[in-house]
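Residues 1166 to 1535 in the numbering used here are what the sequence shown spells out, letter by letter. Even for Gly, the Cβ is constructed at its ideal location relative to N, Cα and C. In this text the structure is predicted, and so the values were computed from the model without any measurement. Structure first, then comments.
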Amino acid sequence: MKELESSPLGGDKRGVSLKIAVLAGDGIGPEIMEQGVKVMSAVCEKFGHEVSYKEALCGAHAIDEVGDPFPEETFQTCMDADAVLFASVGDPKFDNNPNAKVRPEQGLLAMRKKLGLFANIRPVETFDCLIHKSPLKDELVRGADFICIRELTGGMYFGEKKEGTDVAYDTNYYTRKEVERILRVAYQYAMQRRKHLTVVDKANVLASSRLWRAVAQEIAPQYPEVTTDYMYVDNAAMRMIQEPTFFDVMVTENTFGDILTDEGSCITGSMGLLPSASTGEHTPVFEPIHGSWPQAKGLNIANPLAQILSVAMLFEYFDLKAEGALIREAVNASLDANVRTPEIQVEGGAKYGTKEVGQWIVDYINNKNA
Ligand code: IPM
Ligand code: MG
């Protein structure tokens, strides 16, 4: 990434040049990606940044085309980029076939592992005008604002496996090093926020969780400003819906984080609203937390906001704060103007499609006075 002078819109930097790998994947992926890319280009133009995109194959259509859900060429494209914009992978033809040798999801897991993306940052925020969309009571979710830091390259997802017809297992393998590095990321986020970290584990049952807790207890004194508490995952699942405002930063292992962040999306009101960032050793990846929703493919009904907000996280990662803030402002304005996809539209409200919501946000950005 190349940086030049400062920007007129209040951004710190101007003339940044960004190389983006675009992995649109399957299902609704290409449709929401189109909107994410449009928004990214509009913001770059507004702030005087240069951006170039390189598309690469992944997921089910990569299996169909080259027999590999994360081909080597895609890996190289990611390694050569400053950031990866990822949409979604998955296809029912693989879900319904337990004998499939390769699965689209393996592409996503291979990308995470090969890029060393051990830290998955999943913010759970509420939008005031969408509070009623949450299945939880308004007064419980109002003001909920926390981040789940999910460990992304260890645990059962990657531990030793056996898949037999009579016996099958997945190993929840963690090393001290893996636990320590993700805890440090979590403490850094906690330091920048309300200084409250909840370590979520199952230390009353699992050996791997006891390692997590032991390492956390060793590290906690190094962050005296942060209040650290420890919570069993079953209790955390309950607390998240009983009192979501309790949480500030939560850190947990791969599998627990997968489950808790889907639960988190119910606080916000729609899966289509939650972005995420995955960071670690190599190129960071920005992606919605939702899946490929194959049933909606081509129907122009998928919500592009999680993808667009992932672009905001991308800018923020590079410390391009004003750029991220403009996207968030445009997203909020679209919601306030009821320019919404069907699943979050008010009763009797006009039906906006994926493209129309994306275009409205682009127009908002273009029309914003410098
Ligand atoms: C997620 C998804 C993935 C995961 C799937 C698609 C492999 O559910 O990113 O949360 O389990 O990590
Ligand atoms: Mg998930």
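Local conformation of L1174 per DSSP, three classes: Because L1174 carries a pLDDT of 47, less than 50, the predicted location of this residue cannot be relied on, and no value is offered for it.
Is the beta carbon of Y1338 closer than 8 angstroms to that of E1325? yes
Using beta carbons (cut-off 8 angstroms, strictly below), is V1204 in contact with chain B? Structure shown: chain B not included; a single protein chain is present.
Near the ligand IPM: D1413 beta-carbon under 7 angstroms from a heavy atom: no
Closest to V1496 by C-alpha separation, out of Q1510, G1518, E1508 and V1522, would be which residue? V1522
Whole angstroms is fine: what's the gap from C1209's alpha carbon to L1183's? 9 angstroms
Taking the Cβ atom as the reference point for each residue, do L1500 and C1294 lie within a distance shorter than 8 angstroms? yes
Using alpha carbons as the reference points, say which of Q1510, I1530 and G1456 lies closest to L1273. G1456
Given I1530, which residues of its chain have a CB within under 8 angstroms of its CB, disregarding the five upstream and five downstream residues? V1204, A1207, V1208, K1211, L1491, I1492 and A1495
Measure the alpha-carbon distance for C1243 versus S1253 and round it to whole angstroms. 16 angstroms
Inspect the beta-carbon positions of V1398 and K1367 and report whether they are closer than 8 angstroms. yes
Roughly how many angstroms lie between the CA atoms of W1458 and F1292, to the nearest whole one? 23 angstroms
For the alpha helix (DSSP H) holding V1398, just list the boundary residues, first then last. V1398 to Q1407
State buried or exposed for T1426, treating a residue as buried only when at least 16 other CB atoms are found within 10 Å of its CB. buried
Quick test of the definition: if touching needs 3 or more C-beta pairs under 8 angstroms, does the segment 1479–1486 touch the segment 1514–1521? no
Does DSSP put G1190 in a helix, in a strand, or in coil? strand
I need the residues with a C-beta less than 7 angstroms from some heavy atom of the ligand MG; please give them in chain order. D1423, T1426, D1427 and I1454
Since M1415 sits in a beta bridge, which residues does DSSP pair it with? C1313 and T1363
Name the residue from P1236, K1279, D1245 and P1288 whose alpha carbon lies nearest to the alpha carbon of P1269. P1236
On a Cα-Cα basis, can you pick out the residue from S1374, T1444, G1213 and K1219 that is closest to L1485? G1213
Tell me whether L1280, by its Cβ, gets closer than 7 angstroms to a heavy atom of the ligand IPM. no
Quick check: I1286 and I1312, are their CB atoms within less than 8 angstroms of each other? yes
Less than 8 angstroms between the C-beta atoms of R1341 and V1370, yes or no? no
Rounded C-alpha distance that separates Y1218 from V1332: 45 angstroms
Where L1169 sits in the DSSP three-state scheme: Residue confidence for L1169 is low, a pLDDT of 45 falling below 50, so the modelled location carries little weight; the figure read from the coordinates is stated next. In the structure shown, L1169 sits in coil (DSSP, three-state: anything other than H, G, I, E or B).
Backbone CA spacing between A1186 and L1250 [nearest angstrom]: 6 angstroms
Strand pairing of V1249, partner residues [DSSP]: A1186 and V1450
Cut-off 6 angstroms between Cβ atoms - residues of its own chain near P1195, not counting five sequence neighbours on either side: A1189
Just list the beta strand (DSSP E) runs in the segment 1424–1484, keeping only unbroken ones of 3 residues or longer that don't cross its boundaries, in chain order. 1440–1444 and 1450–1453
Pairs of beta-carbons, one from the segment 1222–1239 and one from the segment 1254–1268, closer than 8 angstroms: are there three or more? yes
Here's a check: name, in chain order, each residue in its chain whose Cβ is nearer than 7 angstroms to the Cβ of L1317, leaving out the five neighbours to either side. R1277, L1282, F1283, A1284, N1285, N1419 and S1443
Would you say the beta carbon of L1439 is closer than 7 angstroms to some non-hydrogen atom of the ligand IPM? no
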